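One structure below.
Number of protein chains: 2
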Amino acid sequence: MLRLNLIAQDKNSKARAGWFQTDHGIVETPIFMPVGTQGTVKAVNQNYLEHEIKAQIVLSNTYHLYLRPGTEILEAAGGLHKFMNWQKLILTDSGGYQVFSLTELRKLKENGVEFRSHLDGSKHFFTPEKVIQIQRSIGSDIMMVLDECAPYPCEYEYAKKSVQLTSNWAVLNKNAFINSEPKYGHTQYLFGIIQGSVYKDLRKKSAEDLLELDFDSYAIGGLAVGEPTEQMYELVDYTTDFMLFDRPRYLMGVGRPENILESIARGVDMFDCVMPTRNARNANVFTWNGTLSMRNAKYKDDFNPLDENCNCYTCRNFSRAYIRHLFVAEEILALELASIHNLYFYLELVRQARAKIIDGSFYLWKNEIINNISIRN
Amino acid sequence: MLRLNLIAQDKNSKARAGWFQTDHGIVETPIFMPVGTQGTVKAVNQNYLEHEIKAQIVLSNTYHLYLRPGTEILEAAGGLHKFMNWQKLILTDSGGYQVFSLTELRKLKENGVEFRSHLDGSKHFFTPEKVIQIQRSIGSDIMMVLDECAPYPCEYEYAKKSVQLTSNWAVLNKNAFINSEPKYGHTQYLFGIIQGSVYKDLRKKSAEDLLELDFDSYAIGGLAVGEPTEQMYELVDYTTDFMLFDRPRYLMGVGRPENILESIARGVDMFDCVMPTRNARNANVFTWNGTLSMRNAKYKDDFNPLDENCNCYTCRNFSRAYIRHLFVAEEILALELASIHNLYFYLELVRQARAKIIDGSFYLWKNEIINNISIRN
């Protein structure tokens, strides 16, 4: 098991501050994990990731790494940590989400999913066992089970069958995990993924099925796939009650800054999302006073930093006018500077949330911050 | 005038080691200037440029900066140094080369050149006066005159007329320079550009015309435009003899590492070229044992650094296998890592050349190095 050591709980919500330890160091929760799908956080180098953004854990992807560079090369490198030169934690998503996104290219079977590579059309078959095996080759500190991520909207009957399949696969995931060893000397943990679409009874069943299998910890999957935000919050709130209190709870693929704060308030500890890096590459940056669209002509002679309250490399050194120029001139540096800033903002957001949980002021702070950061300038 | 303080001369060639001082610091020669056409060295941030690559001077471009972000914004920023947050030297090319490359879009007139923007087709007119004015707004430490860069191949008669035009314009450049002031409190210098295509008598005439005007120093333009390399070396050798001994001599747009070493041997002190950054973005890297094409499958499980003799950020931290993966996966980080490495290589090349000139071993070292670095792996 992966124990979450609690150091504070909010009195007005389910928010908690804690930490957990792995062989690649300590993670202080709540935490946001930058996404490095292909073994690199897009447009940000490992030095900035560690020393500026202060990422404690990054997320990578089993499906993508399996296709490129492939497990043979990852094993020859001594695992993904060495391959990408990243000494802190790595969590790998199982690739289930990616495979199920290939709607035209995949065929669901009882014991796994057959799919064609989005790169070259080559045929592959993922089973729970295979996905554990690949994650052993990757050497991620936290591995995720292969599950079925149901689409949205989703009929009740489909969602019910999907939960059953995910539960059946969970057994196979767990067995494959027990019957295999880490390859690089450090401990690897396996998280179960609670599915159930927007149906509370299915969420409950999924949680109960998985809890019986005693995973190291648990994640909520299949949300933020198109359902209304309020419904997502309600389902998060509902589902965290079934998740063990002394384990880090991970809400997959969420989300906007306000989604993260509201989900912390509902008892979630871990988050990942492509939004900070993807939005950065589209010239959209987050600030404590709302989002900015950096191609906008109104910034052409604005010599303030992106955010006057931000202490990131970008804000310490460059103006909005310069960053707008870089985006308009299609310069690569624009992508790096905006990505560093957005990731710094996300990490600072969860750091501040943690500090506020500890000092007892989280709830009021959260509502004030959400008001400010939700403005679209 | 911009005095070059000599500290050593090679006994077996015309190579020299020296330094010159401006209000933005000292430049140790021979020097390579990374190209930052639009106010950013492509894919490399200012922190790496200063602290890893140890660039002492970067080159930017009057034509490009005039179109984007425009002089109004540069002036509001307090000049290009502040706009891009670069405290060391900036040299700006006049944009003549760029304008004359727009063969379909420009019309040469007696007092300047009319052209259409490559961005939006808008019509503009560059005169020597205008180009000085723009460079005053940019605030570059070293400004270049507006000249005509003749194409290659070039008929003698065309080249002769072109040299005459460049000489006529040089007078106007110089007058505009004398009759204008720096806008930001630091001294700006103006270099004349010696043209003459591949014709020695025209090179001589161009040099003599310009020397009469007493520019702060001089550059050789119109080479490395397609002529045979040996002919370029011969013309460089011939032309540097007309250039003042106690001023930094700048060979524009050159070149490959071996071209730089051979031109140092022929008395050149300053170089710029897009090659290190452009090649990097195409996955071609320079090493002390020749060039590597990093998309090549043979590097897929090569866990050595790009160059085992290199101490750059990229080589200290990442393997060929990882960098190949990044290129194949089309990740932005590939561009940054390869660009940092290639620029570090170029700066290290001129640093070593300088050290060898000082310790008296330049000539033999140069021949050995050229043998090694010219290999295509």
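Heads up: the protein sequence lines correspond to chains A and B, in order. Under this note's numbering, the first residue of the first sequence carries the number 688, and numbering increases by one thereafter. Under this note's numbering, the first residue of the second sequence carries the number 688, and numbering increases by one thereafter. C-beta: ideal position from N, C-alpha, C; glycine also. In this text the structure is predicted, and so the values were computed from the model without any measurement.
Mind checking residue 738 (chain A): buried by the 16 CB within 10 Å criterion, or exposed? Within the first sequence, residue 738 (chain A) is the residue found at index 51, counting from 1. Exposed, by the Cβ-count rule.
So, do the segment 728–746 of chain B and the segment 979–993 of chain B have three or more beta carbon pairs nearer to each other than 8 Å? no
Here's a check: name, in chain order, each residue in its chain whose Cβ is nearer than 8 Å to the Cβ of residue 641 (chain A), leaving out the five neighbours to either side. Chain A is shown from 688 up to 1064; residue 641 (chain A) falls before or after that span and cannot be answered.
Residue-level contact to chain B via CB, residue 822 (chain A), 8 Å cutoff: In the first sequence, residue 822 (chain A) corresponds to position 135, counting from 1. Residue 822 (chain A) does not count as touching chain B.
In this structure, does DSSP put residue 926 (chain A) in helix, strand or coil? Residue numbering aside, residue 926 (chain A) sits at position 239 when the first sequence is read from its first letter. Looking at residue 926 (chain A) - three-state DSSP - the assignment turns out to be helix.
In terms of residues, what are the limits of the alpha helix (DSSP H) holding residue 1000 (chain B)? On the second sequence, residue 1000 (chain B) is found 313 positions in, with the first residue counted as 1. First-last of the alpha helix (DSSP H) with residue 1000 (chain B): 1000–1004.
According to the Cβ coordinates, are residue 755 (chain B) and residue 1012 (chain A) closer than 8 Å? On the second sequence, residue 755 (chain B) is found 68 positions in, with the first residue counted as 1. On the first sequence, residue 1012 (chain A) is found 325 positions in, with the first residue counted as 1. Cβ distance < 8 Å, so residue 755 (chain B) and residue 1012 (chain A) count as in contact.
Given residue 952 (chain A), which residues of its chain have a CB within under 8 Å of its CB, disregarding the five upstream and five downstream residues? Residue 952 (chain A) sits at position 265 when you count from the first residue of the first sequence. Closer than 8 Å at Cβ, skipping near neighbours: 697, 700, 701, 702, 1049, 1050, 1053.
For the beta strand (DSSP E) that residue 692 (chain A) lies in, which residues bound it at each end? For the purposes of this step, residue 692 (chain A) is taken as residue 5 along the first sequence, with counting starting at 1. Counting along the chain, the beta strand (DSSP E) containing residue 692 (chain A) begins and ends at 692–696.
Quick one: list the residues of chain A neighbouring residue 1012 (chain B), beta-carbon separation under 7 Å, in chain order. Looking up residue 1012 (chain B) in the second sequence gives position 325. Within 7 Å Cβ-Cβ: 726, 755, 756.
How about residue 1030 (chain A): is its C-beta nearer than 8 Å to some C-beta of chain B? One-based indexing of the first sequence puts residue 1030 (chain A) at position 343. Chain B, which has no Cβ nearer than 8 Å to the Cβ of residue 1030 (chain A), makes this no.
Which residues of chain B have a Cβ atom closer than 7 Å to the Cβ of residue 729 (chain A), listed in chain order? The residue given as residue 729 (chain A) occupies position 42 in the first sequence. Under the 7 Å cutoff, chain B gives 1018, 1019.
Per DSSP, cross-strand counterpart(s) of residue 709 (chain B): Working through the second sequence from its first residue, we reach residue 709 (chain B) at position 22. Per DSSP, B:712.
Can you give the beta carbon distance from residue 981 (chain B) to residue 970 (chain B), rounded, assuming they're within the 8 Å contact cut? The sequence position of residue 981 (chain B) within the second sequence is 294, counting from 1. The sequence position of residue 970 (chain B) within the second sequence is 283, counting from 1. Confirmed, about 4 Å.
Please state whether DSSP places residue 805 (chain B) in a helix, a strand or coil. Locating residue 805 (chain B) in the second sequence gives position 118, where the first residue counts as 1. If DSSP states are grouped into helix, strand and coil, residue 805 (chain B) belongs with coil.
State the start and end residues of the unbroken alpha helix (DSSP H) segment that holds residue 896 (chain A). As a position in the first sequence, residue 896 (chain A) is number 209, starting the count at 1. 887–899 is the span of the alpha helix (DSSP H), which, as asked, contains residue 896 (chain A).
Give a yes or no on whether the minimum CB-CB distance between residue 985 (chain A) and chain B is below 8 Å. To locate residue 985 (chain A), count along the first sequence from 1; it is residue 298. Closer than 8 Å: no.
Alpha carbon to alpha carbon, what distance is there between residue 804 (chain B) and residue 879 (chain B)? Position 192 of the second sequence, counting from 1, holds the residue named residue 879 (chain B). Position 117 of the second sequence, counting from 1, holds the residue named residue 804 (chain B). Answer to the nearest angstrom: the Cα atoms are 25 Å apart.
In whole angstroms, give me the CA-to-CA distance for residue 939 (chain A) and residue 843 (chain A). Here residue 939 (chain A) refers to the residue found at position 252 of the first sequence. Here residue 843 (chain A) refers to the residue found at position 156 of the first sequence. Taking the straight line from one Cα to the other gives about 21 Å.
Name the chain B residues that come within less than 8 Å of residue 871 (chain A), Cβ to Cβ? As a working note, residue 871 (chain A) is residue 184 in the first sequence. Chain B residues near residue 871 (chain A): none, gap ~15 Å exceeds 8 Å.
I want to check one thing, is the minimum distance from the CB of residue 1033 (chain A) to the heavy atoms of the ligand FAD below 7 Å? Ligands are entirely absent from the displayed structure, and the ligand FAD is therefore not among its contents.
Express the C-alpha separation of residue 690 (chain A) and residue 708 (chain A) in angstroms, rounding to a whole number. Within the first sequence, the letter at position 21 stands for residue 708 (chain A). Within the first sequence, the letter at position 3 stands for residue 690 (chain A). Using only the alpha carbons, I get a separation of about 8 Å.
Let me make sure I understand the geometry here. Which of B:907, B:916, B:859, B:913 has the alpha-carbon closest to that of residue 927 (chain B)? The count along the second sequence starts at 1 and reaches residue 927 (chain B) at position 240. Residue B:907 is the option with its Cα nearest to residue 927 (chain B).
Please report how far the alpha carbon of residue 847 (chain A) lies from the alpha carbon of residue 886 (chain A), in whole angstroms. Mapped onto the first sequence, residue 847 (chain A) falls at position 160. Mapped onto the first sequence, residue 886 (chain A) falls at position 199. Distance between the alpha carbons of residue 847 (chain A) and residue 886 (chain A) is about 9 Å.
Same chain only: Cβ atoms within 7 Å of residue 816 (chain B), ignoring 5 sequence neighbours per side: For the purposes of this step, residue 816 (chain B) is identified with residue 129 of the second sequence, where counting begins at 1. So the list reads 859, 863, once near-sequence residues are dropped.
Find the residues of chain A that neighbour residue 1022 (chain B), judging by a C-beta separation of less than 8 Å, and give them in chain order. By 1-based counting over the second sequence, the position of residue 1022 (chain B) is 335. Chain A residues near residue 1022 (chain B): 1019.
Measuring alpha carbon to alpha carbon, tell me which of A:1039, A:1018, A:893 ends up nearest residue 674 (chain B). The structure shown does not extend to residue 674 (chain B), since chain B spans only 688 to 1064, so no value can be given for it.
Per the DSSP calculation, residue 776 (chain B) is bridged to which residue(s)? Counted from its first residue, the second sequence places residue 776 (chain B) at position 89. B:744, per the DSSP bridge assignment.
Under a CB-based cut-off of 8 Å, is residue 750 (chain A) close to chain B? Locating residue 750 (chain A) in the first sequence gives position 63, where the first residue counts as 1. So, not an interface residue.
Does the CB of residue 777 (chain A) have a neighbour CB from chain B at under 8 Å? Your numbering for residue 777 (chain A) matches position 90 in the first sequence. For residue 777 (chain A), the answer is no, since every Cβ of chain B falls outside 8 Å of its Cβ.
DSSP state of residue 1010 (chain B), grouped into three classes? Walking along the second sequence from the start, residue 1010 (chain B) turns up at place 323. Residue 1010 (chain B): helix per DSSP, three-state reduction.
7 Å Cβ shell around residue 999 (chain A) - same chain, five flanking residues per side excluded: Locating residue 999 (chain A) in the first sequence gives position 312, counting from the first residue. Cβ within range, chain order: 739, 1027, 1028, 1031.
Apart from the five residues just before and just after residue 809 (chain A), which ones in its own chain have a Cβ nearer than 7 Å to its Cβ? What you label residue 809 (chain A) is simply residue 122 of the first sequence in a count that begins at 1. Excluding positions up to five away in sequence, the list reads 803.
Here's the rule I'm using: 16 or more other beta-carbon atoms within 10 Å means buried, otherwise exposed. How should residue 1035 (chain B) be labelled? If you number the second sequence from 1, residue 1035 (chain B) lands on position 348. Under this definition residue 1035 (chain B) is a buried residue.
Which two residues bound the contiguous beta strand (DSSP E) that contains residue 827 (chain B)? As a first step, residue 827 (chain B) must be located in the second sequence, where it is residue number 140. From DSSP, residue 827 (chain B) is part of no beta strand (DSSP E); its letter is neither H nor E.
Could you tell me whether the Cβ atoms of residue 933 (chain A) and residue 717 (chain A) are closer together than 8 Å? Counting from one through the first sequence, the residue named residue 933 (chain A) turns up at place 246. Counting from one through the first sequence, the residue named residue 717 (chain A) turns up at place 30. No, they are not a contact pair.
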